[in-house]
Amino acid sequence: MAEKKLAVIAIGGNSLIKDKTKVTVQDQYQAAKETCYHIAEMIERGWDVAIGHGNGPQVGFILRRSEIAAKVAGMHEVPLDFCGADTQGAIGYTLQQNLYNEFKRRGMNKKAATVVTQVLVDRDDPAFQNPTKPIGSFMTEEEARERAEKEGWTVVEDAGRGWRRVVPSPLPQEIIELDAVRELLGAGVVTITVGGGGIPVVRDDDGSLRGMAAVIDKDYASSLLARSIGADLFLISTAVEKVYLNFGKPDQQLPGGIPSVDGVAVRIEIVMQTQRLRQVPEEGVQSREA
């Protein structure tokens, strides 16, 4: 029997939202169902799979609910690291159940499990001195400055639309639950991990961990996962048609190959939400129907 290969699939949080009219939990569940169909297809063909996912829109929803509850009912607000943990559970459940149902439909004896995952970041990462990631609701300037003074938030004006909180986006250094992930993968369990890039934590002088109000890029965290477990393939599921350099900017362009980052990630395959598979090899860009 041929040796099984191992893939890491990173699902974008935005790829679970097809458009602005389909943002409910039920809508996201259906989008995840389509993605899980393709993941199950890959597993049926002999791949072992670890799954990472984004959570940008979903964390935004939780923060918004938290802010409204605080204003209207005096409820406590949810800290950002706990918002990340909430989304890991909810999105993990969504993927787990869809995979379970798809495995059952195909007659496959496979299991999926979600690991609530902490990711270590460097306390001295320059990102902590230069927060850039917008999160949460828009505020008036008065409200924003009040939160900055009382709670130490960094706030910025966002393109004339109002003021928003910005948080650091440090680079991932270590996956705390990596050994557990390896054990699950070794047992043949499809493992959902580093959700939202992982819950960012720092290690204090006594060795204990502490959550941080920050956001880790899910692709960086999933890439770290792929390297750490020796994956043969790293895939990114996204809501856009193609892979671009400088996406959304005037100089947006298709890459002629993806450069190595720390000696890795020279080849990325992307499973499209449109049910196409677009492949970005070292030389040029190709596409083929899935």
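Counting from 0, one number per residue, gives the positions in the sequence shown under numbering that gives the first Met the number 0. Even for Gly, the Cβ is constructed at its ideal location relative to N, Cα and C.
A distance below 6 Å between beta-carbons, with the five flanking residues on each side excluded, links ALA126 to the following residues of its chain, in chain order: PRO167, SER168 and PRO169. Boundaries of the alpha helix (DSSP H) harbouring ARG181: 177-185, taken from the DSSP string. For the pair VAL193 and VAL118, the Cα-to-Cα distance works out to about 7 Å.
In the structure shown, the three-state DSSP call for MET138 is strand. If you draw a straight line from the Cα of ASN97 to the Cα of THR34, it is about 9 Å long. Around the beta carbon of PHE233, 16 or more other beta carbons lie within 10 angstroms, which makes this residue buried.
Here the alpha carbon of ALA186 sits roughly 22 Å from the alpha carbon of HIS37.
Excluding five sequence positions before and after CYS82, the CB atoms of its chain that fall closer than 8 Å to its own CB belong to VAL58, ILE61, LEU62 and SER65, given in chain order.
Of all alpha-carbon atoms in SER207, MET107 and LYS103, the one lying nearest the alpha-carbon of ILE175 is that of SER207. It is roughly 35 Å from the alpha-carbon of GLY45 to the alpha-carbon of ASN245. Across the structure, ALA49 and THR237 are spaced so that their CA atoms are roughly 16 Å apart. The beta carbons of TYR92 and THR116 sit about 15 Å from each other, so the pair does not count as a contact at 8 Å. ALA72 sits exposed, since fewer than 16 C-beta atoms from the chains shown fall within 10 Å of its C-beta. Non-local beta-carbon contacts of ASP121 in its own chain, meaning distances under 7 Å to residues more than five positions away in sequence, involve PRO169 and GLN172 in chain order. The DSSP-derived three-state label of PHE246 is coil. For GLY51, no alpha helix (DSSP H) encloses it; the enclosing beta strand (DSSP E) starts and ends at 46-52.
Three or more beta-carbon pairs separated by less than 8 Å link the stretch 154-163 to the stretch 126-142, which places the two stretches in contact.
Cβ neighbours of ALA220 within its own chain (closer than 6 Å, five residues either side excluded): VAL118, PRO171, VAL193, GLY196 and GLY197. Taken atom to atom, the span from the alpha-carbon of ASP178 to that of ILE228 is near 10 Å.
Proximity to LEU79 across GLU101, GLY88 and GLY135 peaks at GLY135, based on C-alpha coordinates. Per DSSP, the continuous alpha helix (DSSP H) segment holding ARG64 begins and ends at 55-72.
Here GLY55 is actually not in contact with GLY88; their C-beta atoms are around 16 Å apart, not less than 8 Å. Beta bridge pairing from DSSP links ALA111 with VAL189. Considering only GLU76, ILE8 and GLU40, the residue with the shortest C-alpha distance to GLY53 is ILE8.
A direct Cα-Cα distance of roughly 19 Å separates GLN251 from ASP218. Of the candidates THR86, TYR99, ARG202 and VAL214, VAL214 places its Cα closest to the Cα of ASN129. For PHE81, the uninterrupted alpha helix (DSSP H) run begins and ends at 79-105, by DSSP. For ALA126, there is no enclosing beta strand (DSSP E), as DSSP gives it neither H nor E.
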